[in-house]
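The block underneath contains the structure these notes are about, expressed in structure tokens.
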Amino acid sequence: MITTVFFDFDGTLADSAPDLAHAANLQRQYRGMPPLPYDMLRCVASQGARGLLRVALALTPDDEDYEPTRLRFLEDYRACMTQNTALFPGIEQVFDKLEDAGLRWGIVTNKAEALSFPMFDYLQLTDRSAANVCGDTTAHPKPHPAPLLHAAKLAGVAPETCIYVGDDERDIIAGKAAGMPTVAAAYGYCVDADEVKSWDADQIALLPEDVWDAVVKIKEQAGIRKS
Numbered sequence: 021m022i023t024t025v026f027f028d029f030d031g032t033l034a035d036s037a038p039d040l041a042h043a044a045n046l047q048r049q050y051r052g053m054p055p056l057p058y059d060m061l062r063c064v065a066s067q068g069a070r071g072l073l074r075v076a077l078a079l080t081p082d083d084e085d086y087e088p089t090r091l092r093f094l095e096d097y098r099a100c101m102t103q104n105t106a107l108f109p110g111i112e113q114v115f116d117k118l119e120d121a122g123l124r125w126g127i128v129t130n131k132a133e134a135l136s137f138p139m140f141d142y143l144q145l146t147d148r149s150a151a152n153v154c155g156d157t158t159a160h161p162k163p164h165p166a167p168l169l170h171a172a173k174l175a176g177v178a179p180e181t182c183i184y185v186g187d188d189e190r191d192i193i194a195g196k197a198a199g200m201p202t203v204a205a206a207y208g209y210c211v212d213a214d215e216v217k218s219w220d221a222d223q224i225a226l227l228p229e230d231v232w233d234a235v236v237k238i239k240e241q242a243g244i245r246k247s
């Protein structure tokens, strides 16, 4: 029986790419470089600072300048993170349908607590969510299953009764490792439909409103297996 649906945050529940891209382009501005087109940065928004700084500045964690740049990026992002970020159209309706059906939902993100919790409050998600787990809540971020298993524990449910929805392959890997059915949010920041299929999620949501249909299908399949 499915009891709970957990969601990734950036690119799954919230479209935070405009603010993340702005913070990334600020790092280029500091270096006298022109801004990159938004689309070049949007497609890596789910990868956080690591992906954005790789595209914006060709920086990797092995580079000497990476860590101070990452810290400045995060400082700039914190200052602008509520300017243009909003829930994807249709997500609020998904929440309503889940709650009307007696299902709980929660958030499991790799974004740090210091950045996540203010956003959850800003979008009025904190008290409505059954569990809020961030990238530094547990010892390991996704694709490790620890954050998802911790979320299930906080919600007081068995992992196998949960579904995980995310727009990055690591979300699907983490969900499978935690023993949860998975939904790939293809409306998020991944631009390659074939790549999404290769993740082998249980269901694919092409639009935010498709998440509800994906949940219903997984519930039905779970019922068939149980019978």
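Going by my numbering, the sequence shown opens with residue 21, and the numbers climb by one from there.
Yeah, the Cβ is synthetic: ideal placement off N, Cα and C, and Gly gets one too.
Just so you know, the alpha carbons of R70 and R92 end up roughly 13 Å apart. Under the three-state reduction of DSSP output, Y142 falls in the helix class.
Boundaries around A194 are those of the alpha helix (DSSP H), E189 to A197, since no beta strand (DSSP E) includes it.
Boundaries of the beta strand (DSSP E) around C182: C182 to G186.
For D85, the three-state secondary structure derived from DSSP is coil. The alpha carbon of G186 has as its nearest neighbour, out of Q67, V75 and H170, the alpha carbon of Q67.
Proximity to D147 across K162, P163 and A175 peaks at A175, based on C-alpha coordinates. For the 9 Å CB-CB criterion, T129 and G110 do not form a contact. Judged by DSSP in its simplified three-state form, L118 adopts helix.
Rounded to whole angstroms, the gap between the alpha carbons of M139 and A171 is 18 Å. By the 16-neighbour rule on beta-carbons within 10 angstroms, T80 is exposed. By the C-beta density criterion, R62 is buried, having at least 16 other C-beta atoms within 10 angstroms. Assigned with DSSP and collapsed to three states, G126 falls in strand. Q223: not part of any alpha helix (DSSP H); member of the beta strand (DSSP E) spanning Q223 to A225, first to last residue. The DSSP assignment places complete alpha helix (DSSP H) segments of no fewer than 4 residues inside the segment 135 to 179 at 166 to 175, in order along the chain. In the structure shown, A204 adopts extended strand secondary structure according to DSSP, grouped into three states. Here K217 is exposed. Its C-beta has fewer than 16 other C-beta atoms within 10 Å. Counting C-beta pairs with one atom in each stretch, the segment 198 to 211 and the segment 72 to 88 have fewer than three that are closer than 8 Å, which means they do not touch.
Taking all protein chains shown into account, A150 has 16 or more neighbouring C-beta atoms within 10 Å of its C-beta and is therefore buried. Looking at the DSSP output, V25 shares a beta bridge with W125 and I183. Under the 8 Å Cβ criterion, the segment 83 to 102 does not count as touching the segment 111 to 119, having fewer than three qualifying pairs.
9 Å or more divides the Cβ of A65 from the Cβ of D96. DSSP, read as helix, strand or coil, puts L72 in helix.
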